[in-house]
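Data block below; observations after.
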Amino acid sequence: MAFPFAMPFERLNNHNYLLRSRRMQATLQRVFLWESVDKPLLKPDAEDRDRDQRAKVTLILGLDDLQLPHVRRLDSARDVWLVLRNLHIRETANSKLSIRKALHKSELKPGVTMQNHLHDLQLKFVALQERGCNFPEEEKVCIILSSLPDCWDNLVLTLEAMCEEDLTLDYVTGRLLEEWQRREGKELSASSALSSDRLVRNAGSISEEKQPKQRTRATAGEEAAFAVRRCYRCGSTRHLRKQCPEEVVPESPKQHKQKKFGKKKQTTQLVTVECSV
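Under UniProt numbering, think of the first position of the sequence shown as 1, with each following residue one higher.
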């Protein structure tokens, strides 16, 4: 029986054992080789040994280069499977505690989608289940809701008011994904409306720049008010004194004396003439 040499998924490395082990199990089940891994062979015959070797080769071909030294001297497919599991799934108290801490400190960070956030939490649940820690569904729901930021408080309060029987894990994850899609759609529509408004404004400003500028004509009231105001220097109604283009030539001290004493002399002459008459 033929079995696949080319794996349709990423090879096993130090970070993807949980997902990769499930896919490898499905691959072996598809070609009827999983029984050699799942159950130990007590009295294997020639056919059982052949199936075991094919299962072993399938497992080894799905490993990354860094994983090959761990399975180099193993004989059966079951031994390869158990060694890899014990290597990546450590059932120590420290391992369980670190995963629990990471799970309770999880929060929806900016820039992360709700789908990726729920996927990360689900991987932590599976990692604890592989180490013998089974979470009840109510606790999973509480952990998921507590990982949401303050902007989700209205939805969290609505879900908390529901009956515990209806508040299942599938229902909560479905509501969160729907709410996320609704908010994303609202943000996209707002951003598109803002961009279209900017385009309209830019087009209007460009058209205004292309049009020739026209001089504004003063109203009748403005002309009347401006006509009353005159320049005290030249008498023009087109400008004020501080804007007058005519320059005033300062008088010399001699001219100033002539003007001053000339007027006095004329007045004295008039007085003498009147007295003589």
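Every residue gets a Cβ at the ideal spot worked out from N, C-alpha and C, and that includes glycine. Keep in mind the model is a prediction, meaning the values are calculated, not measured.
Q | Contiguous alpha helix (DSSP H) assignments of at least 4 residues, all confined to the segment 95 to 146 | A | Counting only runs of at least 4 residues, the segment 95 to 146 fully encloses the following alpha helix (DSSP H) elements, listed from N- to C-terminal order: 114 to 130 and 137 to 146.
Q. Where does L167 fall in DSSP's three states?
A. If DSSP states are grouped into helix, strand and coil, L167 belongs with coil.
Q.
Using only CA atoms, which one of P149, R233, E137 and Q53 lies nearest to W81?
A. Of the candidates P149, R233, E137 and Q53, Q53 places its Cα closest to the Cα of W81.
Q.
If you follow the alpha helix (DSSP H) that M24 is in, where does it begin and where does it stop?
A. Per DSSP, M24 belongs to the alpha helix (DSSP H) from Y17 to R30.
Q | Beta-bridge partners of L12, as assigned by DSSP | A | For L12, DSSP records a beta bridge to L63.
(Q) Tell me the rounded alpha-carbon separation between C142 and V57. (A) Cα to Cα, the separation comes out at about 43 Å.
Q | Start and end residues, alpha helix (DSSP H) containing T158 | A | It spans D153 to E160 - the alpha helix (DSSP H) in which T158 sits, taken as one unbroken run.
**Q.** Own chain, CB closer than 7 Å to E246, minus 5 neighbours either side, in chain order
**A.** Cβ within range, chain order: R233 and C234.
Q) In this structure, does DSSP put E91 in helix, strand or coil? A) Three-state result, E91: coil.
Q: Within its chain, find whatever has a CB closer than 8 Å to the CB of E164; leave out the 5 residues flanking it on each side and keep chain order.
A: E138.
Q. Considering E35, what are the terminal residues of the alpha helix (DSSP H) in which it resides?
A. Per DSSP, E35 belongs to the alpha helix (DSSP H) from W34 to D38.
Q: Closer than 6 Å by C-beta to L270: which residues in its own chain qualify, once you throw out the five before and the five after it? Chain order, please.
A: Legend: pLDDT at L270 = 44, less than 50; position of this residue unreliable, no value from coordinates given.
Q) Is L74 helix, strand or coil when you go by DSSP? A) Correct three-state label for L74: coil.
Q: Compare the Cα-Cα distances from S109 to each of D150, S36 and A161 and report the closest residue.
A: The sequence given here has Lys at residue 109, not Ser. The candidate whose alpha carbon is nearest that of K109 is D150.
Q: Identify which residue in I99, K105, E107 and R241 has its Cα closest to the Cα of L123.
A: For L123, the closest of I99, K105, E107 and R241 by C-alpha to C-alpha distance is I99.
Q: Report yes or no: do the segment 103 to 121 and the segment 13 to 22 share at least 3 C-beta pairs separated by less than 8 Å?
A: They do not touch, by the three-pair rule.
Q | Short Cβ contact (9 Å threshold) for H70 with L87 | A | Yes, these two residues count as a Cβ contact at 9 Å.
Q) Where does V112 land, buried or exposed, given buried means 16+ other C-beta within 10 angstroms? A) A residue is called buried when at least 16 other Cβ atoms come within 10 angstroms of its Cβ; V112 does not meet this threshold and is exposed.
Q. Given G132, which residues of its chain have a CB within under 7 Å of its CB, disregarding the five upstream and five downstream residues?
A. Closer than 7 Å at the Cβ level, and outside the excluded window around G132, lie E91.
Q) Distance, Cα to Cα, L157 vs R175? A) So the alpha carbons of these two residues sit roughly 13 Å apart.
Q. Run through DSSP, which three-state label would K56 get?
A. Looking at K56 - three-state DSSP - the assignment turns out to be helix.
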